[in-house]
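This report refers to the structure that appears directly beneath it.
In my numbering, the protein residues as written are 8 to 165.
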């Protein structure tokens with residue numbers, strides 16, 4: 008059963024750590040307005056892409072390794088945008104750019120992989136982004152922790 012996480016909690020922690028100089032980010036290769044942090048989340052490597060404009064974090068897209076899909080590596084994706092930056096297409100741009108960055112960064116090491124997003128059916132905005140950028144035919148499921156109805160989106164990057 009798929010598991011949802013709340014990327015907004017990660018966004019709040021990221022903003023606090025960034026503002027206090029606890030973390031340092033690097034500019035991405037393809038998009039100058041996107042930054043990356045590679046760290047470890049309780050033993051799991053994590054890539055966090057952040058939209059940062061004039062030193063202000065607007066949102067993040069987080070990728071962590073998930074269970075393979077049909078033997079192909081898979082990365083779980085979660086994304087969130089701060090409330091004051093919502094409804095400005097920042098989430099769509101962030102996910103779109105982070106997908107191109109992760110694919111570009113992995114092409115030598117993992118040329119083909121899936122990206123999976125599990126999103127609550129009630130999260131209209133995140134579902135619109137996933138429907139546009141990951142899959143227009145998500146699978147209905149239930150979150151393994153809460154039992155909440157969700158959609159599972161899968162996209163193969165090659």
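No residue lacks a Cβ here, since even glycine has one placed at the ideal position from N, Cα and C.
query: Kindly confirm or deny that the stretch 93-101 and the stretch 117-127 touch, where touching means at least three C-beta pairs closer than 8 angstroms.; result: no
query: In the DSSP assignment, the alpha helix (DSSP H) including residue 108 goes from what residue to what residue?; result: 97-113
query: Give the single residue among 129, 127, 84 whose Cα lies nearest to the Cα of residue 109.; result: 84
query: Quick one: Cα of residue 181 to Cα of residue 57, how far?; result: Missing from the structure shown is residue 181; the chain here goes from 8 to 165 and no further.
query: So, with DSSP's three-state summary, where would you put residue 31?; result: coil
query: In the DSSP assignment, what residue or residues form a beta bridge with residue 56?; result: 43, 68
query: When the distance is taken between beta carbons, is residue 142 closer than 8 angstroms to residue 41?; result: no
query: So, is residue 140 buried or exposed, given that buried needs 16 or more other C-beta atoms within 10 angstroms?; result: buried
query: If contacts are defined as beta-carbon pairs under 8 angstroms, then residue 125 and residue 72 qualify, I think. What distance do you get, rounded to the angstrom?; result: About 15 angstroms; that fails the 8 angstroms criterion.
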